[in-house]
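To start, the structure under review is shown below, and the notes come after it.
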Amino acid sequence: MHYLFYIQVCLLLITSSLYSSTKAQDQCPPCEKGYLTYLCRSLPTLEAKVRLCYYNTTPNATLDVVFSVVTPSPNGWAAWGLNAVRAQMVESQVLIAHRNPDKTINVSQAVLTDDTKHGCGIRSGFEPKVYRIDANYFEESRMMIIYSKLGIPQWCDSNRCNHVWQVGPGMNGGSLERHARKLQNFDSRETINMTNHHVSGRRVRALRKAHGILNIAGWGFLLLCGVIAARYFRDFPFNCRRVWFVVHVGLQICGYTIGTAGWAIGLSLQSDHFRTFRAHRIIGIIIFGLATLQMLAIFLKPKKDDRYRRYWNIYHHFVGYTLLSLIVINIFKGLAILQPPKSWKHTYISLLVLLGSIVLLLEIITWAKFYWDNFDCTFNLKNIPPPPMRSLQPPAPVQRGAQELGNGT
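Read left to right, the sequence shown gives residues -24 to -1, 1 to 385 (mature numbering (1 follows the signal peptide of the UniProt record, and there is no 0)).
As structure tokens, this is what we get:
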């Protein structure tokens, strides 16, 4: 009857998840009557949400907007806007809400220029006609909500709408402080089709996920397994001379191929220099170079009887362990940049703990076998009986014959 209990637990979890998702949808405020199309969704970055209601029944089409986001500080600012060209911050028409020191909320309209990107401030103005605008702030959750009803310009319709959103730490001398330069802040933009709810911009995020998964699987796991195979299954403690080299080279080739694919995707993601993470990129290039150098060892390795083979082994091991250290460091750097779900980091840490436990166990077996063999050799030497000792007595005198004595000889 235990399986019935597990089935009930699973059903309870599914029901609770469905209830929580339904409750989250109910939190989205409904549109007024007469809307043409409706969209309410959680945005992919900054824990933001937006509800858009598109009206086309009046002489001028309007867009009813409710935007909510968690600010990084109690006096932080939040912004949402539209862009006529494409989904980008430059040339966006934005609504900015911030909290004043007296706890009042101020909502302003501005245009982001190319100079804004370099910290030169924002330009006042807003092309879409604003029929209504307001904002609320909740101190407990630090959530800022912007309410607005806008006149839709000709370059924005229900089939294609470029919108952007952002948060910042606060105000400094009457001007907005610059937002954080994290990947989530750079990714706060997308193009939506309110008719079929299609969202563009997911391709880049999918490539980033593929970049992370391939690098973790190739560089961060298979290469480590290949090193373990060479370290513990070549001669000592387990003598697997027939298979260890095949397993070692096979794991290294698979890891190198998968890791190179992830590395190439990473290079393709560096087209925008404002989203280039310099240290992560440089370490990644060094990793690829060292890994390529290690793979060339298959063809350039000296023969066993070569006098340079000993020095080559030292070089090969040094480069290999340096490569593994850089791989682990860069994977954690990448996770800090990408900020995926925490399960990614927990999974990779679990893999490292698993491999570390295997290495520790094999290392204990190695040293135990080493000491046991030495002890057994010493014990056998002690039990060998000593060789027989030669007699130290003087030799017996030689007796001569009577004839020899008679002859006087």
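Where is the CB? At the ideal position from N, CA and C, for every residue including glycine.
Relative to the C-alpha of residue i, which candidate in the options has its C-alpha closest?
| i | options | result |
| --- | --- | --- |
| Thr171 | Ser84, Cys137, Ala193 and Phe346 | Cys137 |
| Val222 | Ala240, Val42 and Val203 | Val203 |
| Thr268 | Ile229, Ala37, Glu23 and Ser319 | Ile229 |
| Ile258 | Gln270, Trp195 and Trp239 | Trp239 |
| Val61 | Ile72, Val42 and Gln130 | Gln130 |
| Lys185 | Phe197, Gly242, Glu166 and Trp141 | Gly242 |
| Val87 | Ile72, Thr167, His293 and Lys25 | Ile72 |
| Ser44 | Leu198, Lys309 and Leu28 | Leu28 |
| Trp53 | Ala37, Thr89 and His155 | His155 |
| Arg181 | Lys277, Thr21 and Leu199 | Thr21 |
| Lys158 | Phe253, Asn169 and His292 | Phe253 |
| Glu116 | Asn148, Pro316 and Asn51 | Asn51 |
| Ala55 | Val83, Pro77 and Lys79 | Val83 |
| Pro77 | Asn148, Trp220, Arg285 and Leu338 | Asn148 |
| Val70 | Lys280, Pro104 and Ser176 | Pro104 |
| Leu199 | Ser176, Val219, Trp220 and Gly235 | Gly235 |
| Leu58 | Glu153, Val26 and Ala255 | Val26 |
| Cys132 | Asn36, Thr89, His322 and Ile340 | Asn36 |
Any idea which residues DSSP pairs residue i with across the strands?
| i | result |
| --- | --- |
| Thr167 | Asn138 and Ser176 |
| Phe264 | None, per the DSSP bridge assignment. |
| Phe114 | Met119 |
| Ser151 | Asn148 |
| Arg17 | Val26 |
| Thr47 | BP columns for Thr47 are empty, so no partner. |
| Ile109 | Ser124 |
| Trp53 | His74 and Gly144 |
| Val42 | Arg27 and Tyr123 |
| Leu328 | BP columns for Leu328 are empty, so no partner. |
| Asn59 | Ser68 and Asn138 |
Less than 7 Å between the beta carbons of residue i and residue j, yes or no?
| i | j | result |
| --- | --- | --- |
| Ile128 | Ala111 | no |
| Thr47 | Met120 | yes |
| Leu328 | Leu299 | no |
| Tyr297 | Ile192 | no |
| Lys125 | Tyr113 | no |
| Met65 | Val143 | no |
| Ser301 | Gly146 | no |
| Gly196 | Ile307 | yes |
| Ile263 | Ile303 | yes |
| His174 | Ala205 | no |
| Ala273 | His293 | no |
| Gly188 | Gly332 | no |
| Arg165 | Ala63 | yes |
| Gly260 | Gly231 | no |
| Asn169 | Asn135 | yes |
| Pro278 | Arg286 | no |
Taking the straight line between their C-alpha atoms, what separation do you get for residue i and residue j?
| i | j | result |
| --- | --- | --- |
| Ser151 | Asp40 | 28 Å |
| Cys201 | Leu227 | 7 Å |
| Gln1 | Ser18 | The pLDDT assigned to Gln1 is 39, lower than 50, so where the model puts this residue is not dependable; a value taken from the coordinates is nonetheless given after this. Between Gln1 and Ser18, the C-alpha separation is close to 10 Å. |
| Leu(-21) | Leu336 | Unreliable positioning characterises Leu(-21) in this predicted model, as indicated by a pLDDT of 33, which lies under 50. A coordinate reading is not provided. |
| Ile(-11) | Lys318 | Confidence at Ile(-11) is low in this model, with a pLDDT of 28, below 50, so its placement is unreliable and the value that follows should be read with caution. One C-alpha to the other measures close to 21 Å. |
| Ser68 | Leu330 | 49 Å |
| Leu314 | Tyr347 | 47 Å |
| Tyr31 | Thr38 | 5 Å |
| Arg75 | Arg118 | 11 Å |
| Phe209 | Leu190 | 27 Å |
| Thr167 | Leu183 | 18 Å |
| Ile290 | Lys345 | 24 Å |
| Ser244 | Arg179 | 12 Å |
| Arg283 | Leu276 | 14 Å |
| Ala312 | Asp163 | 15 Å |
| Arg207 | Ser176 | 48 Å |
| Lys280 | Ala255 | 39 Å |
| Ala85 | Gln270 | The amino acid occupying residue 85 in the given sequence is Gln; Ala does not appear at that position. So the alpha carbons of these two residues sit roughly 57 Å apart. |
| Thr342 | Ser326 | 24 Å |
| Glu339 | Pro316 | 34 Å |
| Thr89 | Val295 | 48 Å |
| Leu15 | Ile81 | 26 Å |
| Trp220 | Ala237 | 26 Å |
Can you name the start and end residues of the alpha helix (DSSP H) that residue i belongs to?
| i | result |
| --- | --- |
| Ile313 | Arg285 to Leu314 |
| Phe221 | Trp220 to Ser244 |
| Leu199 | Leu199 to Tyr208 |
| Asn161 | Leu159 to Phe162 |
| Leu276 | Ala273 to Leu276 |
What are the boundary residues of the beta strand (DSSP E) that residue i is part of?
| i | result |
| --- | --- |
| Ile121 | Met119 to Gly127 |
| Gln64 | Note, Gln64: premise wrong, no beta strand (DSSP E); not H, not E. |
| Gln85 | Ile81 to Val87 |
Using a Cβ-Cβ distance under 7 Å, would residue i count as near chain D?
| i | result |
| --- | --- |
| Trp239 | In the structure shown, chain D does not exist; there is a single protein chain. |
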